[in-house]
Amino acid sequence: MSQVVGIIGASDNPDRYAFLAAESLKCKGFEILLINPYKKNILGKPCYTNLLEAPLRAETVTVYVNSERFKGHLKSIIELKPSRIIFNPGTESPECYSTLQENGIQVVEDCTLVMLDSDTFKTN
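Last residue of the sequence shown: 1280 (this note's numbering), numbering continuous.
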């Protein structure tokens, strides 16, 4: 089975990094869970309000929302317990890092697109 990746702040705008990441992850064979409460679907995949609504458990979560919006997802992320969470440039939320780490979630500050291009994204 493919690695499951949740994308918080998924976008249908092809100029946004969240869209480019979703497209790249999908093309590379990852199962993507798109989190955007304002959209029905993106790239032919359904969108969810939060990660707990999704039918699969995300092993990795990549963030494309600002710190304030991210805080609204913190409780569901802790409940879900993904292996890691990637904060893309501009989305850093250092005030949440210790809470995530105390719950066994690896915190990564990096760019998902760069990680995919350099083949450092996969965890297993």
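We treat Cβ as the ideally placed atom computed from N, Cα and C, and that holds for glycine.
*For Phe-1175, which of helix, strand or coil comes out of DSSP?*
Helix.
_Own chain, CB closer than 7 Å to Asn-1259, minus 5 neighbours either side, in chain order_ = Excluding sequence neighbours, Asn-1259 sits near Ile-1234 and Lys-1237.
_Candidates Leu-1190, Ile-1261, Ala-1174 and Ala-1177: closest to Thr-1205 by CA position_ = Considering only alpha carbons, the answer is Leu-1190.
_Using C-beta distances below 7 Å, list every residue in its chain close to Ala-1178, excluding the 5 sequence neighbours before and after it, in chain order._
The beta carbon of Ala-1178 sits closer than 7 Å to the beta carbons of Ile-1163, Ala-1166, Ile-1188, Leu-1190, Ile-1198 and Leu-1199 from its chain, once the five residues preceding and following it are set aside; these are given in chain order.
_What does the Cβ neighbour count give for Thr-1247, buried or exposed, with the cut at 16 atoms within 10 Å?_
Its Cβ being crowded by 16 or more others within 10 Å, Thr-1247 is buried.
*Tell me the DSSP bridge mates of Thr-1188?*
Before going further, note that residue 1188 is Ile rather than Thr in the sequence given. Ile-1188 is bridged to Val-1161.
*Roughly how many angstroms lie between the CA atoms of Asn-1192 and Glu-1224, to the nearest whole one?*
Between the C-alpha atoms of Asn-1192 and Glu-1224 there is a straight-line separation of about 15 Å.
*Glu-1265 by DSSP, collapsed to three states: which one?*
If DSSP states are grouped into helix, strand and coil, Glu-1265 belongs with the strands.
_Looking at the secondary structure, which residues open and close the alpha helix (DSSP H) in which Pro-1202 lies?_
In this chain, Pro-1202 is not harboured by any alpha helix (DSSP H); it is covered by the beta strand (DSSP E) spanning 1201-1204.
*Segments of 3+ residues assigned as beta strand (DSSP E) that fall wholly inside the stretch 1204-1260*: The beta strand (DSSP E) runs lying completely inside the stretch 1204-1260 and spanning 3 residues or more are 1216-1219 and 1240-1243, given in chain order.
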